[in-house]
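The next block holds one structure in the form of structure tokens; read it before the comments.
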Amino acid sequence: MTSMEVSLKEMMTIDGALGAAVVDYNSGMALGTLGGSKDLDLQVAAAGNTEVVKAKLRTMEALGLKEAIEDILITLTSQYHVIRPIAGRGGKGLFLYLALDRNRANLAMARHTLRGIEEKLEV
């Protein structure tokens, strides 16, 4: 099991990482962030992506889907944004958020690495 600080550092070692956060989607608050820039405000991203997660959960409920979200991918012209809800007992209501430079990132490897980080994270 790893701490949030260690998990954020691991997320930032992923090729192309621009910013990482652990977010509480009940409140929209980032519990921890690393990276970011003037063009990537991780607090704003945390709040905005909270709405994405909530909308998807409402839609799944309306459709009667009894599955769990592995991750949500938002593809921009120059970036990938990956949202990964934390599945463990201690992670209920939390998600990992990772912004990647699309030209430097390997999306499959990033998703694989993020899955491993999520499995080890202890909140």
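For reference, each letter of the sequence shown is one residue, going 1374 to 1496 in the numbering used here.
All C-beta atoms in this analysis are idealised placements derived from N, C-alpha and C, irrespective of residue type, glycine included.
Can you look up residue i in the DSSP assignment and give me helix, strand or coil?
| i | result |
| --- | --- |
| ARG1477 | coil |
| SER1410 | strand |
| GLY1421 | helix |
Below 8 Å between beta carbons: does that hold for residue i and residue j?
| i | j | result |
| --- | --- | --- |
| LEU1413 | ALA1472 | yes |
| GLY1405 | ALA1394 | yes |
| VAL1396 | ALA1403 | yes |
| LYS1427 | ILE1445 | no |
Throw me the rounded Cβ distance for the residue i and residue j pair, which I believe falls under 8 Å.
| i | j | result |
| --- | --- | --- |
| ALA1483 | ALA1460 | That belief does not hold up - the Cβ atoms of ALA1483 and ALA1460 are roughly 18 Å apart, past 8 Å. |
| TYR1453 | ARG1477 | With 8 Å as the limit, TYR1453 and ARG1477 do not qualify as a contact, their Cβ atoms being about 10 Å apart. |
| ARG1457 | LEU1469 | 4 Å |
| MET1377 | LEU1494 | 7 Å |
| GLY1401 | THR1423 | 4 Å |
| THR1486 | ILE1387 | 5 Å |
Within its chain, find whatever has a CB closer than 6 Å to the CB of residue i; leave out the 5 residues flanking it on each side and keep chain order.
| i | result |
| --- | --- |
| ASN1399 | GLY1466 |
Which same chain residues, not among the five before or five after residue i, have their C-beta less than 7 Å away from its C-beta?
| i | result |
| --- | --- |
| GLY1421 | none |
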